[in-house]
């Protein structure tokens, strides 16, 4: 499954250390990264916690009058069962009934691998290549006596699954599972927060390693290769980052125009990793090889102030959209915008984060979901000046009963971007 970094990172294919020019500064820095000491990380989510998640999901289903929740391969399947699987035309998924144990549906030839990963009580039901897997789902719903009750689909389930289940059960109502799955996943447990903290620690350590090793003439792929090698050695899983240079920093996800590091250019790292399935997402912008200009210093300082304004607005019980509104109001008073217009910040102030780098709920205008302890977000109100450059700092935080708390503390100044 592609993510924004895989799609948009300039030179993502070039980032592999095996494709670096042997003897280059990037090749040497990536090689030296392999001598870094791995950071200690917490254990994976325990089976007992996943069993508790299933119990809570069932209680929520009964309260809402749902017969079952259907989740195909992806982060939510892992969340409930421990099964880490990819999506293809062949269905692998879990059906969680409001009462009783779930079933996992998977191709017959994948059963040994699925059984190896499954960590909760569940029957594995398999289908052969010439059979309809959605019939297994329909038969199970009939067995449990819930085929006439609403069946909730996890929001990222693909359309063909619903379409083919409707052919088996044309009168069965299919509804959104957000009130169960997303409602649960939005609130992180202490074990989840610990894994997210570990992922953040790995990413910021990889940044600290890479920053002093950036050299004039390097391209995004070379820098990303150094970050990636450091990340993996430090203990994180890495699928590619976003490195922007010069005018490329004026566009939140960069440009296909080749860019190289030169003295005085803005350099932006936007990368993350996962530790036992939980994500980090951090951005830093610095000026390479020269003192910042007055404009670079001013915009960097304003953007950094934007992060503090966002944190001050992230109060327990406040609508999530208030955070975006507070930042945008300040930016407009400084001459940016209005709204999402440029120069200014053309994207939301932050996104939810957890098992996915981007997940609900977002810090965006109009979002009414109240902030609650256990919710996790990025804080990244970047400022972009088209045709020139941009500044983005990004640090994630989680809501506690007493207010927001950083996973990584933002840098104090443009002169100390990784302190």
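Numbering (the working numbering), first residue to last: 649 to 1067. Note that CB positions come from ideal geometry on N, CA and C, so glycine has one too.
Cβ-Cβ separation, residue 958 to residue 968 (assumed contact under 8 angstroms), whole Å: Between residue 958 and residue 968 the Cβ distance is about 11 angstroms, and since that is not below 8 angstroms, they are no contact.
Straight-line gap, residue 713 to residue 686 (C-alpha atoms, nearest Å): 47 angstroms
Which one of 722, 1034, 1051, 1062 has the shortest CA to CA distance from residue 1023? 1051
8 angstroms contact criterion, which residue 898 and residue 1035 should meet: CB distance rounded: 7 angstroms
Provide the residue span of the beta strand (DSSP E) that contains residue 933, from first to last. 930 to 935
I'd like the list of long-range same chain contacts for residue 701, defined as Cβ closer than 8 angstroms, with 5 residues on each side in sequence excluded. 727, 728, 832
Does the beta-carbon distance from residue 890 to residue 917 come in below 9 angstroms? yes
Which of the three DSSP states, helix, strand or coil, is assigned to residue 830? helix
Go to residue 723, then tell me how far its alpha helix (DSSP H) extends in each direction, as first and last residue. 723 to 729
Per DSSP, what kind of secondary structure is residue 658 in: helix, strand or coil? Its pLDDT being 41, under 50, residue 658 is placed unreliably in this model, and the value from its coordinates should be taken loosely. In this structure, residue 658 counts as coil in the three-state DSSP scheme.
Sufficient close CB pairs (3 or more, under 8 angstroms) joining the segment 675 to 689 to the segment 850 to 868: yes
Taking residue 698 and residue 743 to be in contact with their CB atoms under 8 angstroms, please state how far apart those CB atoms are, rounded to whole angstroms. With a Cβ gap of about 16 angstroms, residue 698 and residue 743 do not count as contacting.
Contact set for residue 1007: own chain, Cβ-Cβ below 6 angstroms, skip 5 residues either direction: 1000
Residue burial classification, residue 934 (beta-carbon count within 10 angstroms, cutoff 16): buried
Is the segment 832 to 850 in contact with the segment 919 to 930, if contact means three or more CB pairs nearer than 8 angstroms? yes
Cβ pair residue 813, residue 820 closer than 9 angstroms: yes
Whether residue 739 touches residue 782 by CB criterion (9 angstroms): yes
Classify residue 778 as buried or exposed, calling it buried when 16 or more other Cβ atoms lie within 10 Å of its own Cβ. exposed
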